[in-house]
Every structure is written in structure tokens, then in C-alpha cells.
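Per the working numbering, the very first residue in the sequence shown carries number 60; after that it's consecutive. Presented below is the structure to which this report refers.
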Amino acid sequence: MPATPPSARKQPAPPREAADPAFDWRRIAYNTLVSRAMDDAEETTNRNRTSVPKDHLVLYQFSARGHDMAQCILASRLDHPHDAAGAYYRSRPLLLALGLSIEDGFASPLGRSGGFSDGRDIGVVCNLPREKGPIVLPMSGDVGSQFTPAAGWAQAITYHRDVLRDRTWRGAIAAVLGGEAAVATNGFWSCLTIATTLKLPVLFYVEDNGLGISVRGGMQTPGGNIAANLASFANLFIRDGDGTNPGAAAALVDEVVAHVRGGNGPALLRLTVPRLASHSGPDNQKGYRSDAEIAQDWERDPVPKLRSYLVPAVLSESEWATLERQVERDVQFGLSAARARKAPDPAGIRRHVYAESAEAGRPAYGGMPAAERTRLGGDSTPRESGDQLRFAEAVRRTLDHELAVNPRLLVFGEDVGLKGGVHLVTEGLQRKHGVARVFDTSLSEEGIIGRAVGMAIAGLVPVAEIQFRKYADPAAEQLNNCGTLRWRTANRFCAPIVVRMPGGFGKDVGDPWHSLSAEVQWAHAIGWQVVVPSNAADAVGLLRTAMRSPNPTIFFEHRSLLMTSDGSSRYPGDDYVIPLGSARIIREGTDLTLVTWGAMVHRCLEAVGAVEGSVELIDLRTIAPWDRDAVLASVRKTGRCLIVHEDTMTAGFGAEVAAVVAREVFWQLDAPVDRLCVEDVPMPYHPDLLAAVLPSSEAIAARIRDGLNGVGASNSCHEADPMLRLRCQ
Ligand SMILES: Cc1ncc(C[n+]2csc(CCOP(=O)(O)OP(=O)(O)O)c2C)c(N)n1
């Protein structure tokens, strides 16, 4: 717990008279001065590196000098219990004004325990979870990635208010802060499209200091003024002004916040501010800024302007001096308390990649409340009498049921509404559950995933569709950040979303865009669960588990299984769940273990039927987590292992399985671990070309025979290795 600063014990007297009485100017001045003093303390500490112990240094410093006052004015207007701010590395003044303690504000850049991330993330990459009151969404280091989660929060406001009929969300807004360079990012444009097309309560707050590190604003938007350039953008209320003029900035903040809070749709406020420091600690501004320009910027410093605005109209000279002394005391107190904190404990570094089953302490902010998860329950025994159905229908039925029993659940993506998705998996769901719960999105995968993240943090259960696996590329930033979110915030936040991703080869067709599988990418990404079902029943159980999980999940829907008999099976029931990380042994055997997943399961099954010899066929069903125990137990028994997958060979998930098998059961192996995969080429279009790269059941059978006979592709290293030759004799 942060220690109580001296000022919290003795509050100053209220102002005699306010310049604009609607604002608490003393509070704004206090917060601005605190932020300024913290920047000063950090920069001094870092400049005098030799005079302070190494562990007292801020490793990565970002100053907010010049941006500070206007942010404190904005924060004073974020006063609704369900307001949220999407922010970036220069937003610490906003956090201080929203309730961040000075001690936590120092401790995080110092890398001390506790704080935003328990020493895991840069100190200015902040977050602020609060039970009641505005929160700050977890920031990321990627410029522009703050925007679409804010759109998700804003859409969640409307969902809580209109669908869940929770009146406490009325009037809430999402404010999203960014520099003028951030307006060039995909995230900005995606969020702008979402907010303006849906008329969401989003306030874009652009802090224009004219520099993106060293690059001038004219490179980010023509002429350097995004407010001017967006003048004709529909559904966007725009204001532009000077962020160093207290009265003018306050009036503009008031106007835009009132517009958004009043339900009139999004607004954009651009405030010009000076950057009264280098971009960050390591930058010295040499080469791109003259001394004269830096001096000119200091003339625009908002702090002296704030002082003249308030003294003597609101505060007397001596009251201002008292305020300054109070700030100095509080900041020194906070700094000492932060320095007294322990360094983070390396023993805990592996925690919080995923939710811990017995959650110690406070649960993370985000996702469905645990009690609701428990209420939904689940049954791991399949119903035997279910009707036969196709994979696509199984997914649809599962989504339909979950939409019915879980009012927090939403299904969205490109074309998923009236059309029912290009794979027709969501057909009929919008008609049944309404456009607020099953809806089309704009064509922006970054927007689909970023929005899902914001919604999940706001307590909803977003099930997003990426139309084809390849088209997750534009969403890679949001997907990666979603996976690491719980770990980065040391379990302060989580965003359990489900991403449905159809992919893989189609029935006899392929191409580089619609047929990618590359599931390994998400097994490699930290924090994701990755599900690769091979049939309808497994799809039902695994999808339901994913939708009730506290962790994010990628759910692969293989194109060749959606409508074919291969993917069909009996419907296992409306409550059926399968724990992730439990493989299915499809056929038991004693001579060779065949490990596979997804569509290759069916080719492997055919191959096994065509060979003599006893093959144990394992369908992994999930590759993150994957069932190491089942695979290792099987290979211990058979002494041989062949892995077959559709993803390309080099660094495919088979390499991971092979490495673990080789390490863990080396002395029980009778042959080298073998892999049969698509070679390292993209998926081709012509059926003959496709057939040439995909492992066929004949090719799999041939490789099984090689394995059983101790010959084959891996034979050369087998012969070269005397130990293995010995074991095979
Ligand atoms: C996606 C991404 N690209 C590049 C960077 C490196 N980078 C960090 S800050 C920055 C400039 C951002 O400038 P602006 O948005 O104007 O904010 P300011 O720093 O001026 O407040 C860049 C290029 C990054 N963090 N993320």
C-alpha cells in the first residue's frame, strides 16, 4: 500500500474565488505541480547518475513537462464511475489527477515492487484499475494501440446501458489520449471509424507538441493539423486550441466532454502544447532542435501561465507559495517511500501469464465475474444421443446457446450479421439475438480485436471473428498485447476474448490468402490459449470452454472441416465442455505414436488404416496448452514418434513437440522423432499444386512405414548416430 503523503493529512483551505468556478483550480494546480516536480526529480536523479546508487535510477524516463496542465484539466472532467481513459507514455499527469499515488507514480519508473506492473514494464506504461471511478486502460508501448480498446470500452458503455439495462453506465465516456504523431497510426483511424459510424461516446484528445520523437507534425498529417484536416468528417465534433492557456483549455475541455457525455457522438480536441524535455531519457534533441526553438518552447510553459491565471484571482501569492511547498513535501515523501520499496521478486516472474486457478488476493479487472462463470458451469460428459451435425452447425449452435445463457456475450466481425459470415457459421444469429449482440464491423481487424479487448476489460465476453486466418495480420499488435496484458499489469487487468479464425485449405482449393494455417504463431505469442479442433463435438466443447475461460483464446475453424463429413459428429450437448490441454487418443497402438491436430487428423486416420503395424493416433485438440503427458506416455510405450501438421515445417508447432519428445524420452526412442508437414512454401492455388504440398494420407502412410521399419527421411542422422543405432539393434 502506498504511504499517505503529508498533504492528504492536512487539506488546504478551499479557493477564495475561482477564475472559472466550475473547475477546482487548486486541485488542478496541485496535480500539475506534482507532475512537474516528479519529472524534475526523475531527470535530476538520472542526470547525476554517479551520485546515486544504481538501483535508484529511473531506467527509462519520459517527461510530461508542458503536457501536464491540460491533462490535469481533462482529468478533472473524467468524473463518472464508468469513465475510462486510453492513454500513452506521456499521460502520467492524467493518472496522478485521477488518483494515482505519488509513491506508485515513482515506484514504477524506478522498477520497484507493486505499482502498475511490479517492475515488469516501463514505469510510464501505466494502468489504473479502480472499483469505482474512472479507470485508465492498460497502456502499451506501441504508439496508436491505445485507440481501439478505448472504442471497445465506449461500445461496452452503450451495451451495459442499452442491452444489460444498467443505468449506472448512462453518461459515461471513453477518452483517448495521443500525440500528433499517433494520428498517423492504423489504430487512430480504426477507432475514428468505429466511433463515428456507431456514434460512440469517445473523446479523442490530441496533444500536439509538433514532434514525434524528432519528426515534425507535417509528416503525420498534411499541414500538421489533424483537427483542420478532419473538419468535414461526419459525426465528429471538433475543437482546436492552446493547451497552455488555462482558461481557454478548460473551456474547450468542458465543451467537448459535455458533447460526448450528452450522447451526441464522438468529439476530437486538439490542444497545442510544448514538449519541455527531450523525447525520453536517452534522447538529447541534438540534430533536430535548435537551442532557439527549445527556448521558444519554454516561453510557452503552462505552469507560469497557470500561476498568473490563478494568482491573485484564485490564490494569493502566499497560498501559491504554500501550495508549492506542500507539493515539494509530498513529492519528496512519495519518492522516499518508493525508494524504500523492495525490488520486485524474480521468483514471481512466471506468474500471471494465465489466470491462476486459486486466485490469491484481488482478482484482475476485466472479464466475466467469477460467480457468473461458476453459474454457467459445464459438463465434460458428452451426450451420446445427440444428432449428427456438421462442424459449422456445431459452432453456430454453441454460439447460439451461449448468447442465450450469457447476456454479456457478443459475436461480431466482418459480415457476421445478416449474411451470417462468409462461412455462414453465424447464420441466423443476428435475427435471433439482435443487432446489438451479433453485428457486422468495419473492415479493420485491428479494430475488431482492439475493440474486443476494451469490451472484455469492461466485463463483457467478446467473441470476434477474423474472416480468414491470414487477415489477422493487421491485428497482430492488438493480439500480441492482449496476450501479455495480464502479465504486464501483474494481474491488475485481464482481457479474456475469444477469436474465431477460419483458415487452412478448403475442400480441394487453396491459395496464399484464404488457406493459411500458421497456428504456431499464436502458440508462440505469450498468454494465448490456442484451440485446433478436428470435429464438431470437440468444437462444441472447446469453444464453450474458451467462452467461459478467464484467458484469451484463438479458436481455429478449419475450412475443410466446416461443411464436410470429415468434420461432422454427434452433438455432445448444450453444456458440453472440454478442458484445454487434453488430447484425444483416437486409436491406441504399441509401435508408433502419430501426433496431429485439425484437418490432418482425418488424413492420419486414413493412413493408419492403410498400414500394418500398431499406431497410436493422438489428436492434440489444443496446442496451447498442449498435452505433453499424453504424448510422452505414448512415446514411452511405442518408442517412435511422427508428427504431422498442415502448417509449414520450419519452426512449426511440430518442432516444439519433437524437441520435447527428444528431451524427455530420449532413452526410450527406437528411431529419430520425425515430422511430415507442408514444405516451406505458401499455400498454392491450383489443385495439383495444393496436392503437391499437403501431406496426403498416402504420404503419411509411407512415412509411418518408414518409421516402423527404422528407415525414412530421418534415416541419415539415425545412421550417423551410433547411440541410436545401438538402441535400434
Ligand atoms: C508502433 C510504434 N512505432 C514506433 C514507436 C517508437 N516511438 C515511440 S514514441 C514515438 C513518437 C510518438 O510521438 P507522438 O505520438 O507525437 O507523442 P509525443 O511523444 O510527442 O508525446 C515513436 C515513433 C512506437 N513506440 N510504437
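Where a beta carbon is used, it is the ideal one built from N, C-alpha and C, also for glycine. Predicted model, so just to flag it, every value in this text is computed and none were measured.
Is it buried or exposed, residue i, if we count other Cβ atoms within 10 angstroms and call 16 or more buried?
i      : result
Ala763 : In the sequence on display, residue 763 carries Ile and not Ala. Looking at its Cβ environment, which holds 16 or more other Cβ atoms inside 10 Å, Ile763 is buried.
His583 : exposed
Lys566 : exposed
Gln447 : exposed
Gln355 : exposed
Phe82  : buried
Lys491 : exposed
Trp726 : exposed
Ala642 : buried
Val647 : According to the sequence shown, residue 647 is Glu rather than Val. So Glu647 counts as exposed.
Thr457 : buried
Ile297 : buried
Phe247 : buried
Leu289 : buried
Asn186 : buried
Ile272 : exposed
Arg434 : exposed
Asn304 : buried
Going along the chain, which residues of its own chain have a beta-carbon closer than 7 Å to the beta-carbon of residue i, five neighbours each way excluded?
i      : result
Ile682 : Glu578, Ala582, Val589, Val591, Trp656 and Phe712
Arg510 : Thr207, Ala210, Gly211, Gln214 and Ile253
Ser135 : Phe82, Asp83, Arg86, Ile87 and Ala156
Ala166 : Gly173, Gly174, Ala397 and Arg400
Ala78  : Trp84, Gly306, Tyr368, Leu369, Ala372 and Val373
Ile285 : Glu239, Val242, Val265 and Arg329
Gln279 : Glu239, Ala240, Val242, Ala243 and Gly271
I'd like the list of long-range same chain contacts for residue i, defined as Cβ closer than 6 Å, with 5 residues on each side in sequence excluded.
i      : result
Thr252 : Ser501
Val703 : Thr655, Met659, Cys663, Leu735, Pro754 and Ile759
Asn610 : Tyr413, Ala414, Pro555 and Gln588
Pro193 : Leu137, Asp142 and Leu157
Gly518 : none
Glu536 : Asp201 and Ser204
Pro746 : Asp567
If the criterion is Cβ atoms closer than 8 Å, does the pair residue i and residue j meet it?
i      : j      : result
Ala213 : Ala254 : yes
Leu468 : Val520 : yes
His338 : Ile216 : no
Arg545 : His411 : yes
Gly766 : Leu651 : yes
Thr548 : Ser204 : no
Phe615 : Gly562 : yes
Ser628 : Ala666 : no
Leu295 : Leu262 : no
Asn550 : Ser199 : no
Gly626 : Ser249 : no
Asp733 : Leu691 : no
Val319 : Pro405 : no
Val451 : Ala308 : The sequence shown places Ala at residue 451, rather than the Val named in the question. For Ala451 and Ala308, no; Cβs fall outside 8 Å.
Val558 : Ile516 : no
Tyr424 : Pro743 : no
Gly125 : Val332 : yes
His139 : Gly282 : no
Would you say residue i reaches chain B, if we count a Cβ-Cβ gap shorter than 8 Å as a contact?
i      : result
Gly506 : Given the protein chain composition of this structure (a single chain), no chain B is represented.
Please tell me whether, using a cut-off of 7 Å, the distance from the CB of residue i to the nearest non-hydrogen atom of ligand 3 is below it.
i      : result
Val202 : Judged by which ligands are present, ligand 3 is missing from the structure shown, whose ligands are ligand 1.
Using a Cβ-Cβ cutoff of less than 8 Å, which residues in the same chain neighbour residue i once the five nearest sequence positions on both sides are dropped?
i      : result
Gly640 : Thr681, Pro684, Trp685 and Asp686
Pro73  : A caution first: Pro73 carries a pLDDT of 42, below 50, which makes its placement in the model unreliable, though a value can still be read off. Correct list, in chain order: Arg85.
Thr91  : Asp127, Met128, Cys131, Pro152, Pro361, Val362 and Leu365
Thr799 : The question about residue 799 has no answer, for the chain in this structure spans 60 to 788.
Flag this pair as touching only if the region 567 to 583 and the region 436 to 456 have three or more C-beta atom pairs under 8 Å; answer yes or no.
Cβ pair count under 8 Å is below three, so no.
Measuring CB atoms only, is the region 646 to 662 touching the region 671 to 691, in the sense that at least three cross pairs come out at less than 8 Å?
Three or more beta-carbon pairs separated by less than 8 Å link the region 646 to 662 to the region 671 to 691, which places the two stretches in contact.
Using 8 Å as the Cβ pair cut-off and three pairs as the minimum, do the region 141 to 161 and the region 366 to 374 touch?
No: the two stretches stay apart, fewer than three of their Cβ pairs being nearer than 8 Å.
Check whether the region 231 to 246 and the region 144 to 153 are in contact - that is, three or more C-beta pairs closer than 8 Å.
The answer is yes - the region 144 to 153 touches the region 231 to 246, with three or more Cβ pairs under 8 Å.
Examine the Cβ distances between the region 264 to 278 and the region 218 to 232 and report whether three or more of them are shorter than 8 Å.
Between the region 264 to 278 and the region 218 to 232, the count of Cβ pairs shorter than 8 Å is below three; the stretches do not touch.
Contact between the region 473 to 483 and the region 625 to 642: three or more CB pairs below 8 Å?
Cβ pair count under 8 Å is below three, so no.
Three-pair Cβ contact test at 8 Å for the region 737 to 747 versus the region 706 to 721
Three or more Cβ pairs closer than 8 Å define a contact, and the region 737 to 747 meets that threshold against the region 706 to 721.
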